[in-house]
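**Student:** Top to bottom, those sequences are chains U and R. At position 30 of the first sequence (counting the first as 1) the number is 16 in my numbering, and the numbers step up by one without a gap. To convert a position in the second sequence, counted from 1, into my numbering, add 14.
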Amino acid sequence: MKYLVLLIGDGELPPWDSLSPEEQAAGMKKFEDFDAACAARDGVQILSGEPLAGPSTSTTLRTRSGRLAVTEGPYAEAIEGLGGYYLIESPDLDTVIELLGVLPAYDMQITPTIDPYAM
Amino acid sequence: MPDVLGQVLRDDWGRLLGRLIRGSGRPDLAEDALAEAFVQAAEQWHGREVPANPAGWLATTAQRRLIDAQRSEARRRAPEFRRAVASGASVQPVVATPGDDVDDRMALLFMATHPALAEDVRPALALRFVLGIPTEVIARLFLVPTPTMAARLTRAKRRLAEIGAAFRVPAPATWPERVDDVAHAIYLGFTAGYAPGGDERRRTADATDAVRLAVLAADLLPGQPVLEALAALVLLHHSRRDARFAPDGTLVLLADQDRTRWHGDEIAAGLRRLTGLPPTSGYAEELRLQALIAAFHATAATASETDWAGIARAYRRLEQLTGSPIVRLNRAVAVGEAHGAAAGLALLRAAGERLPGHHRVALVRAELLARDGRVDEAAAAYREALSTVGEGAERNHIALRLARLEGRGGP
Chain U
-13 MKYLVLLIGD GELPPWDSLS PEEQAAGMKK FEDFDAACAA RDGVQILSGE
37 PLAGPSTSTT LRTRSGRLAV TEGPYAEAIE GLGGYYLIES PDLDTVIELL
87 GVLPAYDMQI TPTIDPYAM
Chain R
15 MPDVLGQVLR DDWGRLLGRL IRGSGRPDLA EDALAEAFVQ AAEQWHGREV
65 PANPAGWLAT TAQRRLIDAQ RSEARRRAPE FRRAVASGAS VQPVVATPGD
115 DVDDRMALLF MATHPALAED VRPALALRFV LGIPTEVIAR LFLVPTPTMA
165 ARLTRAKRRL AEIGAAFRVP APATWPERVD DVAHAIYLGF TAGYAPGGDE
215 RRRTADATDA VRLAVLAADL LPGQPVLEAL AALVLLHHSR RDARFAPDGT
265 LVLLADQDRT RWHGDEIAAG LRRLTGLPPT SGYAEELRLQ ALIAAFHATA
315 ATASETDWAG IARAYRRLEQ LTGSPIVRLN RAVAVGEAHG AAAGLALLRA
365 AGERLPGHHR VALVRAELLA RDGRVDEAAA AYREALSTVG EGAERNHIAL
415 RLARLEGRGG P
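#1: Against chain R, does U/P98 count as a neighbour if the rule is that its beta carbon must be under 8 Å from one of theirs?
#2: Please list, in chain order, the chain U residues whose beta carbon lies closer than 9 Å to that of R/I35.
#3: In three-state DSSP terms, what is U/Q108?
#4: Based on the DSSP secondary-structure assignment, which residues constitute the bridge partners of R/V375?
#5: Starting from the beta carbon of U/L79, find every residue of chain R whose beta carbon is closer than 8 Å, and list them in chain order.
#6: Closest to R/L43 by CA distance: which of R/L31, R/T222, R/V53, R/F52 is it?
#7: Assuming R/E280 and R/H252 form a contact by the criterion Cβ under 8 Å, report the distance between their Cβ atoms to the nearest whole angstrom.
#8: Applying a beta-carbon distance threshold of less than 8 Å, which residues of chain R neighbour U/M(-13)?
#9: Nearest-angstrom Cα distance between R/A323 and R/R345?
#10: List the DSSP bridge partners of U/Q95.
#11: Starting from U/A55, follow its DSSP beta bridges and name the residues at the other end.
#12: For chain U, is any of its Cβ atoms less than 8 Å away from the one on R/P41?
#13: Applying the criterion that 16 or more other CB atoms from any shown protein chain within 10 Å of the CB defines a buried residue, is R/T127 buried or exposed?
#14: Name, in chain order, the residues that DSSP records as bridge partners for R/Y201.
#15: Can you tell me which of the three DSSP states R/F181 falls into?
#16: Does the beta-carbon of U/S76 have 16 or more other beta-carbons within 10 angstroms, so that it is buried, or is it exposed?
#17: Look at R/L303 and R/A328 and say whether their C-beta atoms are less than 8 Å apart.
#18: At the 8 Å Cβ level, is R/G32 part of the contact set with chain U, yes or no?
#19: Residues of chain U with CB closer than 7 Å to the CB of R/P190, please, in chain order.
#20: Output the distance between the C-alpha atoms of U/L47 and U/A62, rounded to the nearest integer angstrom.
#21: Once DSSP output is grouped into helix, strand and coil, what is the label at R/L23?
#22: For U/F17, list the residues DSSP reports as bridge partners.
#23: In angstroms, rounded to a whole number, what distance separates the CA positions of U/Y(-11) and U/I96?
#24: Answer with yes or no whether the minimum CB distance from R/P186 to chain U is below 8 Å.
#25: I need the straight-line Cα distance from R/D26 to R/L145, nearest angstrom please.
#26: Excluding the 5 residues preceding and the 5 following R/R331 in the sequence, name in chain order all residues of the same chain whose CB lies nearer than 7 Å to its CB.
#27: For U/D(-4) and U/Y92, which I take to be in contact (beta-carbon distance under 8 Å), what is that distance rounded to the nearest angstrom?
#28: Which of the three DSSP states is assigned to U/I100 in this structure?
#29: Go ahead and label R/G102 buried or exposed: buried means 16 or more other beta carbons lie within 10 angstroms of its beta carbon, across all protein chains shown.
#30: If we ignore side chains and look at the alpha-carbon of each, how far apart do U/P41 and U/Y72 end up?
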């Protein structure tokens, strides 16, 4: 299965900008460790993953009564903190959860993808 | 005849379901298919010759039904232009794979108590997945209509399939973080059988399935204190079930129970597990202390020989651990027995503040006051308890205590 992982909030971690260069380096190391842990695991592959620019750079599209409305900012407060994502191939959810333990302790959401042609 | 099927259900359900899930990766369809195979067996075997290998017959029948279900799902889901292809045979047949011999009940237990499922459905799903308990029995245990329970189980099974929950035993290193969920789910299933409402005597008997599950879990995952403590607790508690109801269905208090009707073999089994268990921490310690309290009761030859001081000590530790006002309430009862009604009443006041309007607070106060000879105050407290308790055996019990206190009826 494929899973979309959203790194959705800092949780109990201090904001990235408030970290010292050493602390930021330690945080980056965890992302590298996560890459390595995924690569080492049978059946697991990071298909895609990027850090995202801040919420002030987001644009939201809504179509209402057939009219497209473009507004500044993220869709909802819930995803203002969205800092990055991964698309991961994994045999099951439990493997994803286990591997995500390697990352910094962000609040995250995991959602399986589906094949629209198989629906 | 019917008991061949009952026997297969008891002995082979978990193994059969495990193999179907392992082969298909579809816990939802696999469970439906196996349940349908059992229904078909009940119809076909009735009054006729039972197949030489009943478990094998059920395995084959369920496997066929599972393949049919996967095919029809593939057809239903495929868009028009792909439907012709899908109606061919794009479905993975269920084949025996290496690992068929392992005990899949462990993997079923972890799957049914998966942390990504809502907590309240886990006990029901564990009873269904691991032991194959019929939905109507689970519904009765949890006091909901059968269709409601069926819908809840179906939703939970579908979610397991959709989220891709693993069907395997997690690495032993991760057991400590998962076994609390396993124990909690089984314990909720057990206590459901003791909650007031419905046919209480029958529902208490239904809790036997949760006891089986607790013992099985402790045996499947040895060396986990939380599971060992759970098994000890439910064995000791449930050993008293037959003495808990009078012939007319009224609740019999622990002190008034006919102790010859307690199950001595189950008490012995519970004590064996408990004595091997050193003090620990967290949820395991909570269950261990509760088991210890149950053991004090179980080993008293008569009610008056109960070691209430020992029970009061265990409750004090349990209160430190949980901070629960219900534990404080029970501690007040034990202290009242061990050190006199006044000491119990003093402890009770603090519990009362944190449980406003709870009928048990008033009931315990009534019992302690009655023992202290303060009849009028005791009667008022019984009436207060009656004003808040729901229908059921406990209400009848309180009414009876009040009647006895006032010299109306009863010994």
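Think of the CB as a built atom: it goes at the ideal place given N, C-alpha and C, for glycine as much as any other residue. These figures come from a predicted structure and were not determined experimentally.
**Tutor:** Let's see:
#1: yes
#2: In chain order: nothing, as chain U lies at least about 12 Å away.
#3: Here chain U comprises residues numbered -13 to 105, so residue 108 of chain U is not present and cannot be evaluated.
#4: Paired residues: none, contrary to the question.
#5: A130, I177, G178, A179, A180
#6: R/L31
#7: 7 Å
#8: G178
#9: 10 Å
#10: U/L(-8)
#11: U/R48
#12: no
#13: buried
#14: Looking at the DSSP assignment, R/Y201 forms no beta bridge with any residue, so it has no partner.
#15: coil
#16: buried
#17: yes
#18: no
#19: Those do not exist, as R/P190 stays about 14 Å from chain U at its closest Cβ, beyond 7 Å.
#20: 12 Å
#21: helix
#22: Answer by DSSP bridge pairing: none, since U/F17 is not bridged.
#23: 6 Å
#24: no
#25: 9 Å
#26: L303
#27: 6 Å
#28: coil
#29: The predicted position of R/G102 is uncertain, since its pLDDT is 44 and thus under 50; no value can be drawn from it.
#30: 18 Å
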